Amino acid sequence: MKHVKVVLTTALSAAMVIGNASALYAGVNTASTNLNFRESAGGTVIGAIPSGARVAVIDNTSEWYRVAYNGAIGYVSADYIQYSEDGDVDLGTGIVNEDSVNIRTEPNTDSEVMLQLNTDDCVDVNGVVDGWYRVAIDDTAGYIYADYLTFEHTMTDTPAQHHEAAATQEQSSAEADKLLSYAEKFLGTPYVYGGSTPSGFDCSGFTTYVFRNALGISLPRTSSEQSQTYTRINSISELKPGDLVFFGNGSKVNHVGIYVGEGEFIHSPHTGSYVKYDTLNSGNYYKNFMWGGRVL
655 MKHVKVVLTT ALSAAMVIGN ASALYAGVNT ASTNLNFRES AGGTVIGAIP SGARVAVIDN
715 TSEWYRVAYN GAIGYVSADY IQYSEDGDVD LGTGIVNEDS VNIRTEPNTD SEVMLQLNTD
775 DCVDVNGVVD GWYRVAIDDT AGYIYADYLT FEHTMTDTPA QHHEAAATQE QSSAEADKLL
835 SYAEKFLGTP YVYGGSTPSG FDCSGFTTYV FRNALGISLP RTSSEQSQTY TRINSISELK
895 PGDLVFFGNG SKVNHVGIYV GEGEFIHSPH TGSYVKYDTL NSGNYYKNFM WGGRVL
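Each residue of the sequence shown is one higher than the one before, starting from 655 at the first, in the numbering used here.
Structure representation (structure tokens):
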């Protein structure tokens with residue numbers, strides 16, 4: 655990568671049937687069992703949507719609705735997707751598909767621009783509001799117009815099951831070596847708020863990019879979500895190379911890096927800095943260490 659059949663009144667149904675992405679709205683699976691999620695209309699099954707799960711409906715102009723779910727775009731039978739109120743919809747990682755795309759404070763073009771993202775930057779998508787996606791970038795919420803975001807996650811995974819644990823310690827060690835060698839290539843890359851490409855990374859943009867491109871592992875986009883996804887390692891002494899390391903104040907995680915070994919980790923720290931190694935054995939990172947997360 656360069657990270658329903660609508661049950662409404664007649665008037666509202668007519669208003670919702672629009673072919674372009676601006677028709678984006680939330681839907682819910684009303685089937686009593688899992689709903690097949692297909693690669694194309696009536697095509698190969700690539701996953702399943704649980705009963706009651708919410709999706710984003712992108713196109714509802716035929717008997718097969720094009721929807722976003724769990725970081726992927728696919729097709730489902732219109733018979734089982736019902737219109738739902740806008741709001742929280744956990745859609746996984748979205749990928750920006752153009753340069754200079756505005757992230758705004760509200761879901762309209764009159765609101766303030768928080769930052770701009772470029773092609774292949776990744777965001778965590780957690781809602782649908784008025785034809786816009788609500789996104790999070792390291793615990794900061796904003797809105798991106800639907801046309802500028804796509805989803806490319808492989809639906810063979812389910813949430814929080816992005817990687818099967820290595821069969822042996824040797825296999826895990828080899829994966830860690832590959833991961834850390836790849837991460838090292840980006841030493842000196844500047845910190846960019848919202849960045850998730852080699853032109854600039856924020857902290858979780860760096861971890862998601864490295865895991866995805868080195869090992870094909872999809873991490874959640876934010877440091878907070880990453881901290882809740884993988885097996886928790888509470889002690890620095892128990893960390894292994896390749897583990898994620900999380901930092902914060904109180905109970906809130908606000909930073910993430912990748913453990914290298916011997917008390918060191920690699921990360922993209924903050925504005926004005928760059929990807930570099932730091933120590934866990936002393937200083938602020940030692941004081942603010944919360945726990946590790948074992949991915950491999």
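For every residue, glycine included, the Cβ atom is placed at its ideal position computed from N, Cα and C.
Because the structure is a prediction, the values reported are computed rather than measured.
Residue burial classification, valine 661 (beta-carbon count within 10 angstroms, cutoff 16): Confidence is the limiting factor: at valine 661 the pLDDT is only 27, short of 50, which leaves the residue's position unreliable, though a coordinate-based value still follows. With fewer than 16 neighbouring CB atoms inside 10 Å of its own CB, valine 661 falls in the exposed class.
Requested in this report: Between the Cα of glycine 746 and those of Glu879, Gly854 and Tyr863, spot the shortest distance and give me the residue it belongs to.
Outcome: Of the candidates Glu879, Gly854 and Tyr863, the residue whose Cα lies closest to the Cα of glycine 746 is Glu879.
Those runs of the beta strand (DSSP E) which lie wholly inside the stretch 893-946 and span at least 3 residues:
Inside the stretch 893-946, DSSP marks whole beta strand (DSSP E) runs of 3 or more residues at positions 898-903, 906-915, 918-921 and 930-933, from first to last along the chain.
Check your understanding: DSSP state of tyrosine 845, grouped into three classes?
Key -> Note: tyrosine 845 maps to strand in three-state DSSP.
- CB of lysine 839 to nearest heavy atom of the ligand MG: below 7 Å? Absence of the ligand MG is noted for the structure shown, with no ligands found whatsoever.
Query raised in the report: If you drop the 5 nearest sequence neighbours on each side, which residues of the same chain put their C-beta closer than 8 Å to that of glutamate 838?
Result: So the qualifying residues of the chain are Ile920.
- prompt: Would DSSP call serine 877 helix, strand or coil?
  reply: Here DSSP, grouped into helix, strand and coil, assigns serine 877 to helix.
### Query
Which whole runs of the alpha helix (DSSP H) in the stretch 693-743 are 4 residues long or more, in chain order?
Whole alpha helix (DSSP H) segments, 4+ residues: zero.
Note the first and the last residue of the continuous beta strand (DSSP E) segment covering glycine 599. Since the first residue shown for the chain is 655 and the last is 950, residue 599 is missing from the structure and cannot be characterised.
Problem set entry | CB-CB length for phenylalanine 805 against alanine 677, believed under 8 Å | Incorrect: roughly 17 Å between the Cβ atoms, too far for contact.
Are the Cβ atoms of serine 731 and serine 705 separated by less than 8 Å?
Note that the C-beta distance between serine 731 and serine 705 is not below 8 Å.
query = Are the stretch 778-785 and the stretch 830-850 touching by the rule of at least three beta carbon pairs closer than 8 Å?
reply = No contact exists between the stretch 778-785 and the stretch 830-850.
- Query: Buried or exposed: tyrosine 913, going by 16 or more other Cβ atoms within 10 Å of its Cβ?
  - Reply: Classification of tyrosine 913: buried, given that the 10 Å Cβ count is 16 or more.
Review point. What is the DSSP secondary structure of valine 864, counted as helix, strand or coil?
Key: Valine 864 falls in the helix class under three-state DSSP.
Just to confirm, is the Cβ distance from leucine 833 to leucine 869 under 8 Å? Yes. Within cutoff.
Within a Cβ cutoff of 7 Å, which residues of the same chain sit near glycine 915, ignoring the five residues on either side of it in sequence?
In chain order, Pro895 place their CB closer than 7 Å to the CB of glycine 915, counting only its own chain and leaving out the 5 sequence neighbours on each side.
Return yes when the Cβ of serine 881 is within less than 8 Å of the Cβ of glycine 1004, no when it is not. With the chain represented from 655 up to 950, any question about residue 1004 goes unanswered, as that position is not in the structure.
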